[in-house]
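For reference, the structure discussed in these notes is given below.
Chains as they are written, first to last, in my numbering: chain A, 307 to 527; chain B, 307 to 527.
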């Protein structure tokens with residue numbers, strides 16, 4: 307049985323979960339408190355990070371490496387275009403969300419509000435939370451601009467870039483930190499992706515001490 | 307003419323420069339002070355980061371997306387294996403250096419000692435420098451362990467993982483922050499990669515206010 311060592315509100319783990327589900331690859335989820343890594347966990351990934359995927363008799367780590375591996379070994383349905391320039395655009399946007407959106411937004415909000423408490427790392431840093439809440443507007447506007455030109459974030463087809471963005475936004479939506487009224491095209495895009503069967507597992511997540519807000523799993527939010 | 311917008315001591319730019327040179331793709335280098343981004347630069351890459359590559363009539367950004375594009379469009383000489391599991395290992399190690407090594411080491415040393423001064427951002431934070439100098443030992447030991455099992459970092463063949471690691475280490479070597487006596491296998495590996503023609507441009511770099519130490523460009527260091 308395939309196994310994914312993950313943490314529910316990690317956008318990197320959610321990205322992998324969504325892509326596995328789109329490819330209809332079944333996986334057992336094992337929750338890992340990555341901030342208290344066991345020797346066993348560090349043996350699986352010396353970087354001490356989630357996700358780690360046990361698949362095909364191997365342990366794979368780094369979320370991007372995992373997604374590329376899945377795409378190469380299970381090509382259907384394709385989540386990457388064939389043309390190299392179009393692939394570069396998908397990868398640019400994956401990095402946009404995993405690097406820039408993460409440091410501008412996800413880290414300032416999800417890490418401060420949720421993970422710090424779970425790690426017993428103290429109270430949220432109010433300045434970081436304010437910065438994250440401010441930065442998300444720029445990103446929503448950027449997505450709005452992309453969706454004004456394209457049907458999906460990276461072009462005409464749904465790709466890994468959409469799942470990467472949705473992974474981050476779904477973590478923020480769990481803590482009610484997305485103002486969906488900022489952009490109708492972004493809201494429509496998220497509603498479409500949220501209604502996919504692959505999203506069900508993510509919408510069922512429950513974090514101890516942080517009850518799901520009612521709109522989170524509602525497809526008509 | 308292809309053009310790379312870069313900054314000399316950016317490990318991400320060096321990775322792209324090394325891979326372009328290995329593939330014998332000529333490129334004009336344009337230095338970009340990415341911390342004072344012009345409107346023109348932000349138009350080229352709204353993320354405000356280097357490297358940006360102008361190639362085939364397009365502007366590509368994100369160093370990993372650029373490297374994958376080069377590998378897909380100019381397959382010879384191959385810098386990625388064909389087997390998906392081996393490719394996942396190359397990508398895991400690229401992320402290891404670009405994410406973990408960067409935040410553990412490169413950022414604490416190169417950013418603090420060099421970029422902060424160039425940006426007029428104040429004096430180096432002594433605690434960060436100490437942390438970086440401590441952390442590099444763990445990483446050299448990890449590389450030593452990999453090279454005890456393998457000829458190159460990701461396996462039997464030289465890959466992008468080697469150039470990613472060498473890009474970071476060469477930046478640190480420019481400011482004499484690598485203790486090569488820590489591991490003979492790592493020193494031998496770096497000596498081999500440093501002597502490749504593709505490395506010449508990186509060894510010729512001169513940073514204003516930071517003269518090259520004599521060992522930096524010496525192949526017998």
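For glycine and all other residues, C-beta sits at the position ideal for the given N, C-alpha and C.
Remember, predicted model here, so these are calculated numbers, not experimental data.
Measure the beta-carbon distance from residue 315 of chain A to residue 496 of chain A and round it to whole angstroms, keeping in mind my assumption that it falls under 8 Å. Not really, about 17 Å apart at Cβ, beyond 8 Å.
In or out: residue 353 of chain A buried (at least 16 other Cβ within 10 Å) or exposed? buried
For residue 400 of chain A and residue 367 of chain B, what's the separation of their Cα atoms in angstroms? 12 Å
Residue 360 of chain B (DSSP reduced to helix, strand or coil): strand
Partner residues on chain B for residue 368 of chain A, Cβ-Cβ distance less than 9 Å: 394, 397, 398, 399, 400, 401, 402, 405
CB contact below 8 Å: residue 352 of chain B versus chain A: yes
So that I know if they touch, is there some Cβ in chain B lying closer than 8 Å to that of residue 318 of chain A? no
Output, in sequence order along the chain, the residues in the region 382-393 of chain A whose CB is closer than 8 Å to any CB in chain B. 390, 391, 393
My output table needs one value for residue 521 of chain B: the three-state DSSP class, helix, strand or coil. coil
What does the Cβ neighbour count give for residue 427 of chain A, buried or exposed, with the cut at 16 atoms within 10 Å? exposed
Comparing C-alpha positions only, which one of A:347, A:346, A:383 sits nearest to residue 463 of chain A? A:383
Three-state secondary structure assigned by DSSP to residue 367 of chain B: strand
Counting contacts by CB-CB distance shorter than 8 Å, is residue 364 of chain B in contact with chain A? yes
Selection from B:318, B:418, B:516 that minimises the alpha carbon distance to residue 534 of chain B: There is simply no residue 534 of chain B to check, as chain B begins at 307 and stops at 527 in what is shown.
What are the start and end residues of the beta strand (DSSP E) that includes residue 311 of chain B? 309-312
For a contact defined as C-beta to C-beta under 9 Å, what are the partners of residue 374 of chain B on chain A? 374, 390, 393, 394, 397
How many Å lie between residue 499 of chain B and residue 513 of chain B at the Cα? 22 Å
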